[in-house]
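Student: Chains as they are written, first to last, in our numbering: chain H, 1 to 479; chain X, 1 to 430.
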């Protein structure tokens, strides 16, 4: 029996897609590498997922789990074909235990939906990637996603207490942070679907802060704004979020949202201070003082909840609003030590100029997590090549500054050839040993994370060059 | 190689086994060379930090060489404005935090005996203390690591940035691996600013008010960073006899801590708790240090401590169930219950050392196969291997053993301590 026939038999025809027009929707994510899978399956529960994995592994078909496809690095792209598992139907909050501040969710639950479900109990979920209105907790877990509030609450790995996952033989396992044995939960989070297919996630919930203040400071340029961030963090102050947008981004955002960001400034710094009311008030005073000493041209606190929400909504929608001014854009994700932000931004600017590409910056400054957006037109071949080359140069610059090549989107397909710039063959071999435990045939999301050839014998498309392989994001990407 | 040959192997004995040699490499390169040589010669190695948490797990089945990390104690990088630090893993937790304190920072590792406890030993033990619910576990502060694998390979993961999804998060695998996969040589941490002030509140906790007081504390508006219900444990501020003790710690600004104190007094007053003693400044930090020390403290060879993890809302019941079981087997039970984190530690003891082994073996056998599961946190060396050190369940034991085999195929690192003796079934839910 063929693979597809076995999938039909196991899941029923309404849970298996094979028509090219259906498959094409699953051929790319926010890093647009197009390749049709053999089939897309829409499991309803963990048992369905287990059946799919068993069948696929027996048939030697790659297995590519997919949340909402908002990742920037091609992590959800079926570059080797195979079977895409969409979690669209596994979107239930299975349990919400307010007393113990935890929840069990299926991987297809949208990030924001969990916080909405928890709100009546005075709770929320910490990690809030800007894509949280559409990205799923399964995808967030796979990439160890962060978001603006990672500064104070940490990334997914700091919130996942356990995962249920399917192993290569189709058996269900459960890894718990509190269980005896090695911390499998810790390695499954951020493994980008290469170690197992996650079917349920136990997460902790946080108490909603008693008071939240959101402030906006204007600066002459993005280097000055980031120097202020370095000074704030260096003074031992950790507000709940420190975000920067440069002039190009602010004008796109304001044209779309009218949230009240100053459009004449070279850069704006968004500061959120959440906590107990007394502390938030004194925290704001101290941070405003440091910002002024670092050259802030203005400082304004949002008047109420509506204004706070508007400022955040436009910040989180920044990339989307670029559609007004850019035919296409490419978002990079890299991290540097926080004191190196001004140099990193200067290097980004130099690289963009050298490649004759306009660049916008909107990023999680408090964590040193850069997101330069390079603007281009994908119909111009030379521009596409320039973007690929500039993207790589930015990563190299961040590494040279003591940083790394992914803060919250993972390595995926795009950055795997860059990974050896960060890690030695010995470092990568240690990671490959772990992979061998979980996936000896390398069918779980192949061609992701690990560089081709170097450690894993994954040389499958040696003739392709990096630029041939890259089909850059056509918009709609998130960060 | 200068490996400090003067070390006395007897000081590194475990489970009655004395290693042939005890070595103390002075650099990561020396450490790698020593490990490689031991691996090639088939010598079983136990890595020693301060030895404070060696009581976790079984004793090693084979044990030839002790490797002390005591000389690997340097600060490698500290850019305090980045709130990150990188240290060699033999550095004591106390010295790590002393370096950070000079810049008004800390890492909440909550080590018992921090002067002895090494950074690497603490991480490898999987320890998490009473501030886990507030700040996170030690592993949550590790942003990068360098280890020496059994074949002498030096491998790093993560880096010196606070947000990083570059490659697998191998540091998570090393944390809690009890030195059975690799030797932690270097650890990079993200740090936190020290709170403006720290206050400890101690209150009597009579038996009749206990359940209500615990619920009130869990619902306090200003959350304490530590909330422990003590029963016994006099060295930690508890009381002998029936009366329990509530140990709360608040950290933050002066205004916040003052408000927390007012809220607390009215809340626990409403729960029927009579009076509160407040400790500030060094009195507060000393009281917290004594509490941490109590976790690991054993009463000679006549006690051990069970640890039970689980939902905070069920912690009291779990704690009491074990304490009652201990009493039934003629053991004296003391408990240390983390109201926010849900951990319960129950120390069981007898008056006479001669009576202990038989009593605790009866208790351990009676705990049976039903949940909840209790793991043993520290046991007298000679009793360890006869007790259910890991409780009844280990998730995915076959995977655990496979990991051990891939990273340490010759079983060089502490063989038998962790994986490989699992008395449990694959895939069972925790």
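Virtual Cβ for every residue (Gly too), placed ideally from N, Cα, C.
Report the rounded CA-to-CA distance for residue 358(H) versus residue 352(H), giving the unit in angstroms.
Tutor: Each residue's Cα considered, the two are about 6 Å apart.
Student: Please list the residues of the segment 1-22 of chain H that have a C-beta atom closer than 9 Å to any C-beta atom in chain X, keeping them in chain order.
Tutor: For the segment 1-22 of chain H, which is checked against every Cβ of chain X, not one residue is closer than 9 Å.
Student: Just reading off the alpha helix (DSSP H) that residue 343(X) is part of, what are its end residues?
Tutor: It is not in any alpha helix (DSSP H) - residue 343(X) carries neither H nor E in the DSSP assignment.
Student: What residues in the segment 66-80 of chain X bring their beta carbon closer than 7 Å to a beta carbon of chain H?
Tutor: Within the segment 66-80 of chain X, the qualifying residues are 79.
Student: Which runs of the beta strand (DSSP E), 3 residues or longer, sit entirely within the segment 299-383 of chain H?
Tutor: The qualifying runs are 328-331, 359-363, 372-376.
Student: List the endpoints of the continuous beta strand (DSSP E) containing residue 100(H).
Tutor: Premise fails: residue 100(H) is in no beta strand (DSSP E) and is neither H nor E.
Student: Please classify residue 456(H) as buried or exposed, where buried requires at least 16 other C-beta atoms within 10 Å of its C-beta.
Tutor: Any answer about residue 456(H) is weak, because its pLDDT of 40 lies below 50 and its placement is not dependable; what the coordinates show is given next. Residue 456(H) comes out buried.
Student: Distance cutoff 8 Å, beta carbons only. Does residue 155(H) sit that close to anything in chain X?
Tutor: Closer than 8 Å: yes.
Student: For the segment 166-190 of chain X, which residues have a beta carbon sitting closer than 7 Å to at least one beta carbon of chain H?
Tutor: Result list: 166, 167, 168, 169, 170, 172, 173, 175, 176, 177.
Student: For the segment 155-166 of chain X, list every residue whose C-beta sits within 8 Å of some C-beta in chain H, in sequence order.
Tutor: Flagged, chain order: 155, 156, 157, 159, 160, 161, 162, 163, 164, 165, 166.
Student: Kindly indicate which three-state DSSP category residue 95(H) falls into: helix, strand or coil?
Tutor: Looking at residue 95(H) - three-state DSSP - the assignment turns out to be strand.
Student: Taking the CB atoms as reference points, tell me whether residue 60(X) and residue 92(X) lie closer together than 8 Å.
Tutor: It is not a contact, given that the beta carbons lie outside the stated cut-off.
Student: To be precise: take each residue of the segment 262-276 of chain X, compare its Cβ to all Cβ atoms of chain H, and keep it if any distance is under 9 Å. Which residues remain?
Tutor: Listed by position, the residues of the segment 262-276 of chain X near chain H (Cβ gap below 9 Å) amount to none.
Student: Could you say which of 240(X), 210(X), 85(X), 238(X) lies nearest to residue 315(X) if we only look at CA atoms?
Tutor: For residue 315(X), the nearest C-alpha among the options comes from 210(X).
Student: Rounding to the nearest angstrom, what Cα-Cα distance links residue 69(H) and residue 43(H) in this structure?
Tutor: Taking the straight line from one Cα to the other gives about 17 Å.
Student: Among the candidates 301(H), 96(H), 297(H), 270(H), whose CA atom is the shortest distance from the CA of residue 202(H)?
Tutor: Nearest option by C-alpha distance: 96(H).
Student: Within the 8 Å Cβ cut-off, does residue 371(H) reach chain X?
Tutor: No, because no Cβ of chain X sits closer than 8 Å to the Cβ of residue 371(H).
Student: One question on the structure: do residue 130(H) and residue 147(H) come within less than 8 Å of each other, judged by their Cβ atoms?
Tutor: It is a contact, given that the beta carbons lie within the stated cut-off.
Student: Check residue 4(H) in the structure and name its three-state DSSP category.
Tutor: Here residue 4(H) sits in helix by DSSP.
Student: Considering only residues of the segment 176-239 of chain X, which uninterrupted beta strand (DSSP E) runs meet the minimum length of 3 residues and lie entirely inside it, listed in chain order?
Tutor: Listed in chain order, they are 182-190, 197-205, 226-231.
Student: At which residues does the alpha helix (DSSP H) containing residue 247(H) begin and terminate?
Tutor: Unbroken alpha helix (DSSP H) run through residue 247(H): 247-257.
Student: Which class does residue 105(X) belong to by DSSP, given the choice of helix, strand or coil?
Tutor: Of the three classes helix, strand and coil, the one that applies to residue 105(X) here is strand, per DSSP.
Student: State the CB to CB distance for the pair residue 124(H) and residue 238(H), rounded to an integer number of angstroms; the pair is presumed to be in contact (CB under 8 Å).
Tutor: Not a contact, Cβ separation roughly 18 Å.
Student: Taking only the alpha-carbon atoms, compute the straight-line gap between residue 56(X) and residue 399(X) and give it to the nearest angstrom.
Tutor: So the alpha carbons of these two residues sit roughly 21 Å apart.
Student: Does DSSP classify residue 245(X) as helix, strand or coil?
Tutor: Strand.
Student: Does residue 413(X) come out as helix, strand or coil in the three-state DSSP assignment?
Tutor: Here residue 413(X) sits in strand by DSSP.
Student: Report, in whole angstroms, the separation of the C-beta atoms of residue 484(H) and residue 318(H), which I expect to be a contact under 8 Å.
Tutor: Nothing about residue 484(H) can be read from this structure; chain H reaches only from 1 to 479.
Student: I'd like to know if the segment 274-293 of chain H and the segment 242-257 of chain X are in contact, where contact means that at least 3 CB-CB pairs between them fall below 8 Å.
Tutor: Cβ pair count under 8 Å is three or more, so yes.
Student: Among residues of its own chain, excluding the 5 on either side of residue 272(X), which ones have a beta-carbon nearer than 6 Å to its beta-carbon?
Tutor: Excluding residues within five positions, the ones whose Cβ falls inside 6 Å are 209.
Student: Chain H partners of residue 139(X), CB-CB under 8 Å?
Tutor: Within chain H, the residues near residue 139(X) are 183, 186.
Student: Would you verify that the beta carbon of residue 122(H) is, or is not, closer than 8 Å to some beta carbon of chain X?
Tutor: Taking Cβ atoms only, chain X never reaches closer than 8 Å to residue 122(H), which makes this a no.
Student: Residue 412(H): which of 245(H), 290(H), 33(H), 24(H) sits nearest, CA to CA?
Tutor: It is 33(H).
Student: Would residue 174(H) count as contacting chain X if we go by Cβ distances under 8 Å?
Tutor: For residue 174(H), the answer is yes, since a Cβ of chain X falls inside 8 Å of its Cβ.
Student: Between residue 337(H) and chain X, is any beta-carbon pair separated by less than 8 Å?
Tutor: Answer yes: the Cβ-Cβ gap between residue 337(H) and chain X drops below 8 Å somewhere.
Student: From the DSSP output, in three-state form, read off residue 411(H) for me.
Tutor: Coil at residue 411(H), not helix or strand.
Student: Please work out which residues of its chain come closer than 7 Å, Cβ to Cβ, to residue 83(X), disregarding the five sequence neighbours upstream and downstream, and give them in chain order.
Tutor: Same-chain partners within the cutoff: 105, 190, 191.
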